[in-house]
Amino acid sequence: MTAVPAESRTTAGFLRFWAAVRPDHPALRCGNGIQLTYRELDERSNRVATALAASGVRAGERVAFLDKNSPEQIEIFFGAAKLGAVPCPVNFRLAPPEVATVVVDSEAPIFFVGQEFAAGVDKVSSQLRGVAVVVMGAADGHQQSGAGAHADYSSWRDRHPAEDPGHSAEPADVAYQLYSSGTTGRPKGVQLTQANLSAAMDLYPAVMGLGADSVSLVAMPLYHIGGGGWALAGFAQGATNVLVRDLVPSALVDLIVAEGISHAFLVPAVLQFMLAVPGVADRDFSALRAILYGASPISEKVLAASIRTFGCSFVQAYGLTETTGTVVYLPADDHDPDGPRRHRLRAAGLPTPGTEVRIVDPAEGRDVAAGEVGEIWIKGPTVMKGYAKMPEQTAATIVEDGWLRTGDAGYRDADGYVYIHDRVKDMIVSGGENIYPAEVENAIMSHPEVSDVAVIGVPDDKWGETPKAFVVKVTGSQLTGTDLLAWCRERLAGFKCPTSVEWVEELPRNPSGKVLKKDLRAPYWEGRSRMVG
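Note that my numbering has the sequence shown beginning at 9, numbered continuously upward.
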């Protein structure tokens, strides 16, 4: 198959190219028998582009959307790109007030909302004044409960012509804005450029054979770089992309077999759930060629069982939203659970082509020796432009000569393999979701019967790790764990809420008053080598 020429290596250019080269090839398949060819996806996204223009959306403005994985989001992504606007997916697991905060921060003039989430968005409508809301997925084009007076997506799209505005993007243009929670609770808009995304697309054909003949499983949420970035990788190669809306392990196993899935990106928790499906070891996974995994911790037991069960190549990915996803990978050849390279299973892997890695003493700013732990710094073509409207946070993250401070601590062995040791920052990764303890602690501290709190990540067999709260009560309080968790659920997305609460008389602190979270974590992580996936 012809390689995509340099002039077409933009988010809109990839679709334009494949719609011209292989218009009748399936581009997208999803539930209820929906299938779109590259020609049909091109035409639909053209209608979206002209509809956005008619709605007053201009090049450079953000286009926000919130839903579980749906074909409409793919159309909006490419439609916005064709206009020069910036797709801005919103995490559907956020509570309505958190959703409103992201949309307002993005300054998006238009917000597409899945029917399932319309009622929640209506609850925060006062915070979204001036934002046009369009509801996706209303049956037969009719409004349903919770949709209010908002426009319906299908009718909004289809009354406009399928004309491509023909915007030509520059490499430095922002192409994608994804939100990563801030350590103080304020979300950070990660700005990824056309050059970032173009460079990221080169990895997957090289390390796992993703190509035009592939049938790629898009199972992770599109608001996550692991979902949206992986989906774009498939479209960039002209592959067939199978979109999954709800992650039901047994249904996922069936889908992989029925669709002849050849390539997939999955987080470790999903792999573990699939291994527990009755009869999974007897299924025919012969079409599977490679699985990319990452975004959260994985045990060697789950990894070895996955390799044996699915019988395909496995590649581990380590990266951040700020690095457009994968910047360190463990090649398939190093996945050797029963052989001499078994120790490699504990590694994050090697830098991707074009990526440089330093292990730096965060206090002194010097590179440390092999085997010595320091902060992982990344430099390369996939490092973000910066955080939207947050110059101070950007300057603190991207430092001298373009090096990005990851906030993760690790070391490099004599062969150049990177191992993740711990976190410089306290971020918790649960089932692929990033959770910042400070945000959870702020919610808990707002309870009138709490006098102090510290939140850490503790190991979890299903999710890799989950939040645990150590709480000091106000003297005389009768507060229970059930009461406190209910309080959290009213203020935070469910995945951010602690899964356990431990009442303590006081928190361990150093002489300057800082909580010694390392001491709190130690008993739970003792003997575990894979702290981060």
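By construction, the Cβ of each residue, glycine as well, lies at the ideal position given by its N, Cα and C atoms.
- If you ignore the 5 residues before and after Asn-204, its C-beta comes within less than 6 Å of the C-beta of Thr-332, Thr-390, all in its own chain and listed in chain order.
- In this structure, the straight-line span from the alpha carbon of Gly-382 to that of Thr-414 is close to 11 Å.
- Judged by DSSP in its simplified three-state form, Phe-100 adopts coil rather than helix or strand.
- Straight-line spacing of the CA atoms in Arg-165 and His-33 works out to 23 Å.
- Less than 8 Å separates the beta-carbon of His-175 from that of Lys-90.
- DSSP places Ala-303 outside any alpha helix (DSSP H), giving it a letter other than H or E.
- With a cutoff of 8 Å on beta-carbon distance, Asp-460 and Leu-515 are scored as near each other.
- Distance from the CA of Gly-373 to the CA of Val-336, rounded to the nearest whole angstrom, comes to 21 Å.
- With fewer than 16 other CB atoms across the displayed protein chains lying within 10 angstroms of its CB, Leu-524 is exposed.
- With respect to Leu-225, Ala-272 sits close: the two C-beta atoms are nearer than 8 Å.
- Gln-202 sits close to Pro-179, with the two beta carbons spaced by under 8 Å.
- One alpha carbon belongs to Glu-534, the other to Asp-469, and they sit about 15 Å apart.
- In this model, Arg-47 and Ala-28 are separated by some 8 Å (Cα to Cα).
- Here DSSP, grouped into helix, strand and coil, assigns Tyr-532 to helix.
- CA-to-CA, the gap between Asp-409 and Val-12 works out to about 31 Å.
- Looking at the DSSP output, Trp-385 sits in a beta bridge with Arg-366, Arg-413.
- Assigned with DSSP and collapsed to three states, Tyr-395 falls in strand.
- In the three-state reduction of the DSSP assignment, Thr-360 falls in the coil class.
- When the Cα atoms are used, Ala-247 and Ile-264 turn out to be separated by approximately 15 Å.
- Taking 8 Å as the cut-off, the Cβ atoms of Ser-314 and Ala-298 do not count as close.
- Inter-segment contact for the segment 337-356 and the segment 392-404 is absent: fewer than three beta-carbon pairs are separated by less than 8 Å.
- Taken in chain order, the complete alpha helix (DSSP H) segments of 4 residues or longer contained in the segment 271-339 are 276-283, 308-318.
- Less than 8 Å separates the beta-carbon of Val-143 from that of Asp-160.
- As computed with DSSP, Lys-196 is found in a beta bridge with Ser-188.
- Counting only runs that start and end inside the segment 178-263, the alpha helix (DSSP H) elements of at least 4 residues fall at 202-208, 211-216, 238-244.
- Between Met-209 and Leu-240, the CB-CB gap stays under 8 Å.
- The count of Cβ pairs closer than 8 Å, one atom from the segment 63-74 and one from the segment 109-129, reaches three, so the stretches are in contact.
- Just so you know, the alpha carbons of Tyr-212 and Ser-53 end up roughly 25 Å apart.
- Note: Arg-517 is bridge-paired with Val-523 in the DSSP secondary-structure output.
- Shown here, Tyr-425 sits in coil according to DSSP, grouped into three states, outside any helix or strand.
- Apart from sequence neighbours up to five positions away, the residues of its chain that approach Leu-283 with a beta-carbon distance below 8 Å are Val-310, Ala-313, Ser-314, Thr-317, ordered along the chain.
- Here the segment 414-427 makes contact with the segment 364-379; the two share three or more CB pairs at distances below 8 Å.
- Pro-97 is positioned such that its CB atom lies closer than 8 Å to that of Gln-81.
- Per DSSP, the continuous beta strand (DSSP E) segment holding Thr-45 begins and ends at 43-45.
- Gly-388 and Asn-249 have their alpha carbons spaced roughly 28 Å apart.
- DSSP places Asn-40 outside both helix and strand once states are collapsed to three, so it counts as coil.
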